[in-house]
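In my numbering, the protein residues as written are 969 to 1199.
The structure appears below as structure tokens.
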Amino acid sequence: HLSNRLQTVADFVKADARVADIGSDHAYLPVHLAQQGQLSYGIAGEVVRGPYENAAVEIQAEGLTDRIIPRLADGLAAIQPEDHIDTVTICGMGGTLIAKILEAGQAHLTHTERLILQPNVGEYNVRRWLQNHAYEIQAERILEEDGHVYEIIVADPVATPITYTPVELKFGPFLLQEKSPVLQQKWRREQARLDQVITTMQQAKNAPAAKIAEFQAQRDQIQEVILNASK
Ligand code: SAM
């Protein structure tokens, strides 16, 4: 009964994991992982009281209070050293917020954890944070569910930081290789949006030429990626 989106996240959690699910809401992900025997210990972190209570109710209802602890905390502050967390999941938020949570909560990471991140938008910010903090992307997925396109980024800590190109940061190093129709669809939509913005700006006589050129460059970059992905 888990969404395809969260099931895809679950697929990247290793056996017997100790998982901190940050922004857990109903704690569906850690509960599912426990029921599948994938999770030996879990934290369901929530910064808002309502969702935190949802998590507590769900964990109780599924009889998992011995293994999953709901915690009311901001971001990675839900993680304590004695939890020995080896997997952090942050799903269903914007990429800017995910990067902010990682940045603010670095003291709660030991740089040994696998990060499984599911930004709804703004994936660029997530990949750039990973690059700047010596996490290497291991896998990426893109999927459509209920009319929304979701990306999942799986990263492990590495000794030597990886450098991604600007195009890889924006579109995803693995997604560029995979050439999924969902990727093409997502970026065709963005291209159409940019086309409208450009047309509107061109009609508004006082729009700055540099700004128009910037949008056109973005549009052309997307065009190239779509062409490559459809080869
Ligand atoms: N992770 C679940 C999923 O993917 O279905 C729930 C996603 S829900 C849209 C986002 C949740 O993140 C909300 O419940 C919100 O309260 C929580 N959240 C937002 N900022 C947070 C933060 N800084 N720390 C912990 N939780 C946060």
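A virtual CB, placed ideally from N, CA and C, is assigned to each residue, including glycine.
- The C-alpha of Thr1168 is placed about 36 Å away from the C-alpha of Gln1099.
- Here the alpha carbons of Asn1174 and Val1025 stand approximately 56 Å from one another.
- In this structure, DSSP gives Val1122 an extended state, which the three-state scheme calls strand.
- Judged by their CB atoms, Val1117 and Cys1059 are not nearer to each other than the 7 Å cut-off.
- Shown here, Thr1131 sits in coil according to DSSP, grouped into three states, outside any helix or strand.
- For Ala1012, the beta-bridge partners assigned by DSSP are Asp989, Pro1038.
- DSSP places Gln1086 in the uninterrupted beta strand (DSSP E) bounded by 1082-1087.
- Nearest C-alpha to Glu1081 among Ala1185, Arg986, Glu1182, Lys1199: Arg986.
- Inclusion of Ala1072 and Tyr1103 in the CB contact set at 7 Å is not warranted, their separation being larger than that value.
- Per DSSP, the beta bridge partners of Thr1057 are Asp989, Ile1084.
- DSSP, read as helix, strand or coil, puts Ile1190 in helix.
- By the neighbour-count criterion, in which 16 or more other beta carbons inside 10 Å mark a residue as buried, Pro1019 falls on the buried side.
- By the 16-neighbour rule on beta-carbons within 10 angstroms, Asp979 is exposed.
- Between Asp1042 and Val1015, the gap from beta carbon to beta carbon is short of 7 Å.
- For Gly1060, the CB falls within less than 6 Å of some heavy atom of the ligand SAM.
- In this chain, Leu970 is not harboured by any alpha helix (DSSP H), its DSSP state being neither H nor E.
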